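J.: Got a structure for you, questions after.
Written out as structure tokens, the structure reads:
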């Protein structure tokens, strides 16, 4: 357990142990874990700490290069050991030098097989490309090494190289990698021919645009299931097509500028030749450059492209060299003499004199004068200026004197010489040259250039959705929402995530990880300085928003180190400030990547530490939903269940019933994952009772969800009152039985409660008395009901006893309920003033209750008050109360009270229609249909309590509509139901209205007599007076004495008194 339901000292010991083991102090961690076990012998967290490995690593996706001297065994058998040692050493030295040149990291250098990783300890945006470039150089060097060995030893050496990419455990302390990916890299290497490089299908998508690849036959290899797909790398691509990317969305202003600028260039009137697109990686700079290329090529004009490279930021004119090689068809393997010939051919194609232009351009291609040209007779600055001028002239010649476009991609990586070439081009622009420049944020753009700068920002949600649907029209609303959250409007991220989701939809539906094309560019941001990864891992577990105090509580670094790392992460565009002492991952994908770095054993611990810190560090109530989620990820399921229970309580206090119920569902789901036993049973009963409360408040006690929870509580705990939860379960079951009119079982459960009430449990006496009162009320035993209600509200529980609220898991509060039922008894006994007083007592009681009980009882009060005013024939007030009930029920989410309000509203409207002098037949038919529908709805959900009142209204409507047979049939059915259930509280009225529908005078007289006798026995003077008046109407003077008698017991203010006086006067 964590800080929810567990003593703090154990958690403190565990947290200190975790901090110790994370800083490498295993001895202290062991002592602290043993202290925990001394108190809690079966503490799983302490046991895990003792069993945990002492080192710390990361889960990483790395590109792995494997080089193997494949004929080493045979070679060692044919040459002497010293010569063999020299061959192997020279081979290792060359591989190490090449790997270091591309900033990879060579692991063990013992033996003939060498493994290098790219992405650790230095991460780059293009580690897969670096690994392949290194592999190509190793393969080329293998030929030199073999030739050297053949000359000196008469033996050739066979070097094979393979590159694979995959998930590994990176053991930083031991400088080693573990996992299938390392083994697959070795197997991929074995598929290469001597002197060749092959890559796996995991690497191919990342490098296919940069290298010429040839697919090899799929092959089975040792230790790998299935066959391995691999590709031979033939070399770097020359003349590769521009990568087009996805559709251009949301860049209307930028595209309009390109269109306008190109139109003016075609008219030779372009005064600002440069357009600069600046922004973070993936924001869409290259896509806009592509749009410019498409626009210009579409008009038949010339496009020249210069591309910056992170490998050559200090290599003079490297972008120009790459452009020349592409245009001339020169590869890395082209000999100098052939390079010169190809360049000469290209110069003649553009009407440039080779004798003049070659000396300026050949050095750019790395071709010296020995290849066959006369060098420029200049040195130093003068030579530099002449070459720059020669390059500019060549570029202008390629444009052919007409309107054209030069694209300068990734100018932030341009060397100073290339920047100067661009400067001269812009300065010499004659209105026909358009230059489109792209680059990241920073100060790389020289001041004073004639350019229009666009700082690109993220796409809006609307434009993000447009791009998603353009990429995948089948994307669902949920998928689009996930992409918006994860990609933050960055177009390249959107394209890759949508592609991953679309590809995975049929194979493995659900959330995908960080797509491979994004992994290296994103991870490169994280390796800013020392300690960055540790902070990023902790922050990623915390979530998208990171509070500094919480980060300090979770991370084991010092406060100063954490602050330094936060500064570095802001500079690297990983974090962005998000309020006081709060930061936010700039992109959700960055957080996902950080979380992916955490090994499972460490991940659980970090989640637990975050949860504990959220609980202990909150000024008020913590975010219990977040606490629960972290405990779930930590596999601390009991703590998670307790936190969800707290989240449910917080939602309940806000009136969010649906949310509260969902949290209780999660709490119970988590509890199921805990070890079985009495402790779990007790927690389950408490949670199910609480969930039953919420379901009853929203759906009423007849809900199957309520029934299932209560029945499960009885199954787990039995009928014995061994604890407070068992008492609460039985009390809840009482209300469930009442709403279903299951009075026999209600009585059985109450008798069980009554029999087992010991001196220690007299605190629940008022609840039991109130429940007995409701049972008597439903049976129509009003005298007994008054006695029980009076005892319940008088407070028979001894002072200082356990409060009923502690285990009361029902929205129907017992004391307010007693007053509400008393109000109707008072009304039926003719005392409207006393009835309203009882309603006032209930309202005041409800006002002091929390949600949902308070709101529930207020709705209950309005429901009963409506009934009281209907009985008093105050229909205007009843109508107003019905409207208020519907409004409150809708506002607070009480579905059953909304239906009750609508039923009251329908009944009031029907009674208003019945009270009118002239009955509109069509209106009566509509009221009949409405009441029938409402009654059917209530009975369909299993609610039978109180419905006989509405049955009486429907019977009256049928009679008034001239359908006495239907009225009588309906009332017969209702009375049979009350006889079956024992629910007789409104039988006197049912009998009275059936009498009015009887065609036979004897049957009429029988029903009236039964109604009079029942009402008299119930002490319901108002109901008795109504029956006596009907009897007087039917029988005349023989019934006069009964009217006079009961009228004397009913206040003069009631409408029935006026009717009695009028009837008696008329009869004299």
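Numbering (the numbering used here), first residue to last: 9 to 1076. Using N, Cα and C, we set each Cβ at its ideal position, and we do this for glycine too. Treat the numbers as computed from the prediction; the structure is a model and nothing was measured.
For the pair the segment 497-516 and the segment 316-324, tell me if three or more CB-CB distances fall below 8 angstroms.
T.: Judged by Cβ distances under 8 angstroms, the segment 497-516 makes no contact with the segment 316-324, as fewer than three pairs qualify.
J.: Let's test the definition: count the other Cβ atoms within 10 Å of the Cβ of residue 516 and tell me whether it reaches 16, buried, or not, exposed.
T.: Low per-residue confidence applies at residue 516: pLDDT is 49, beneath 50, and the placement is therefore not dependable, though the value from the model is reported in the following sentence. The residue is exposed, with fewer than 16 neighbouring Cβ atoms inside 10 Å.
J.: For the segment 74-143, list the alpha helix (DSSP H) runs that are entirely contained and at least 4 residues long, ordered along the chain.
T.: Those alpha helix (DSSP H) runs which fall completely within the segment 74-143 and span 4+ residues are 80-86, 89-109.
J.: Going straight from the alpha carbon of residue 962 to that of residue 678, what length do you get?
T.: Roughly 48 angstroms between the two C-alpha positions.
J.: So residue 446 is in the alpha helix (DSSP H); what residue range does that whole segment cover?
T.: Per DSSP, residue 446 belongs to no alpha helix (DSSP H); it is in the beta strand (DSSP E), 441-447.
J.: For a quick check, are the C-beta atoms of residue 1033 and residue 1068 less than 8 angstroms apart?
T.: Their beta carbons are under 8 angstroms apart, which means residue 1033 touches residue 1068 by this criterion.
J.: Which same chain residues, not among the five before or five after residue 638, have their C-beta less than 6 angstroms away from its C-beta?
T.: Here the set comprises 615, 618, 619.
J.: What does the alpha-carbon distance come out to for the pair residue 263 and residue 296?
T.: The alpha-carbon atoms of residue 263 and residue 296 are separated by roughly 7 angstroms.
J.: Count the other CB atoms, across all protein chains shown, that sit within 10 Å of the CB of residue 201; report buried if there are 16 or more and exposed otherwise.
T.: Exposed is the call here.
J.: Does DSSP put residue 205 in a helix, in a strand, or in coil?
T.: Three-state result, residue 205: strand.
J.: Nearest by alpha-carbon distance to residue 374: which of 885, 333, 357 is it?
T.: Ranking the options by Cα distance to residue 374, first place goes to 333.
J.: Compute the Euclidean distance between the alpha carbons of residue 168 and residue 147, then round it to the nearest angstrom.
T.: One C-alpha to the other measures close to 7 angstroms.
J.: Within its chain, find whatever has a CB closer than 8 angstroms to the CB of residue 341; leave out the 5 residues flanking it on each side and keep chain order.
T.: Closer than 8 angstroms at Cβ, skipping near neighbours: 243.
J.: The beta strand (DSSP E) that contains residue 179, what's its start and end?
T.: Counting along the chain, the beta strand (DSSP E) containing residue 179 begins and ends at 167-179.
J.: Would residue 890 be called buried (16 or more neighbouring beta carbons within 10 Å of its own) or exposed?
T.: So residue 890 ends up on the buried side.
J.: On the criterion of 16 or more Cβ atoms from any shown chain inside 10 Å, does residue 827 qualify as buried, or is it exposed?
T.: By the 10 Å Cβ count, residue 827 comes out buried.
J.: How would you label residue 1059, buried or exposed, when you count the other beta carbons within 10 angstroms and need 16 or more for buried?
T.: So residue 1059 ends up on the exposed side.
J.: Helix, strand or coil: which one does DSSP assign to residue 953?
T.: Of the three classes helix, strand and coil, the one that applies to residue 953 here is coil, per DSSP.
J.: Are residue 960 and residue 922 close, meaning C-beta to C-beta below 8 angstroms?
T.: Not closer than 8 angstroms, so no.
J.: Identify whether residue 568 lies in helix, strand or coil by the three-state DSSP scheme.
T.: Here residue 568 sits in helix by DSSP.
J.: Less than 7 angstroms between C-beta atoms, sequence neighbours within five positions excluded: which residues of the same chain meet that for residue 10?
T.: Unreliable placement is indicated for residue 10, whose pLDDT of 46 sits below 50; no coordinate value is reported for it.
J.: With burial defined as no fewer than 16 other Cβ atoms inside 10 Å of the residue's Cβ, what is the status of residue 523: buried or exposed?
T.: Label assigned to residue 523: buried.
J.: How far does the alpha helix (DSSP H) with residue 632 in it extend, from its first residue to its last?
T.: From DSSP, the alpha helix (DSSP H) with residue 632 extends over 632-641.
J.: Should residue 186 go down as buried or exposed, given a rule of 16 or more other Cβ atoms within 10 Å for buried?
T.: Exposed, by the Cβ-count rule.
J.: So, for residue 554: in the same chain, excluding its five sequence neighbours on each side, which residues have a beta-carbon less than 6 angstroms away from its beta-carbon?
T.: 547, 591, listed in sequence order.
J.: Is the CB-CB distance between residue 935 and residue 965 below 8 angstroms?
T.: Closer than 8 angstroms, so yes.
J.: DSSP has residue 555 in a bridge; who is on the other side?
T.: DSSP output for residue 555 lists 590 as bridge partner(s).
J.: What is the DSSP secondary structure of residue 462, reduced to helix, strand or coil?
T.: DSSP places residue 462 in strand when its eight states are reduced to three.
J.: Give the DSSP-derived three-state secondary structure of residue 378 in the structure shown.
T.: In this structure, residue 378 counts as helix in the three-state DSSP scheme.
J.: Can you tell me whether residue 817 is helix, strand or coil according to DSSP?
T.: Confidence is the limiting factor: at residue 817 the pLDDT is only 48, short of 50, which leaves the residue's position unreliable and the question unanswerable from this model.
J.: Hey, is residue 257's beta-carbon within less than 8 angstroms of any beta-carbon in chain D?
T.: No chain D is part of this structure, which consists of one protein chain only.
J.: In the DSSP assignment, the beta strand (DSSP E) including residue 881 goes from what residue to what residue?
T.: That residue, residue 881, is in no beta strand (DSSP E); it is neither H nor E in DSSP.
J.: Suppose the cutoff is 6 angstroms on Cβ atoms and the five residues either side in sequence are ignored; what does the same chain contact list for residue 975 look like?
T.: Closer than 6 angstroms at the Cβ level, and outside the excluded window around residue 975, lie 963, 966, 967, 1005.
J.: Could you tell me which of 1064, 1009, 1010 sits nearest to residue 1036, measuring between CA atoms?
T.: Looking at the Cα atoms, 1064 is the closest of the given residues.
J.: Exposed or buried, residue 470, counting other C-beta atoms within 10 Å across all chains shown (16 or more means buried)?
T.: Flag for residue 470 reads exposed.
J.: When the distance is taken between beta carbons, is residue 863 closer than 8 angstroms to residue 855?
T.: Contact: no.
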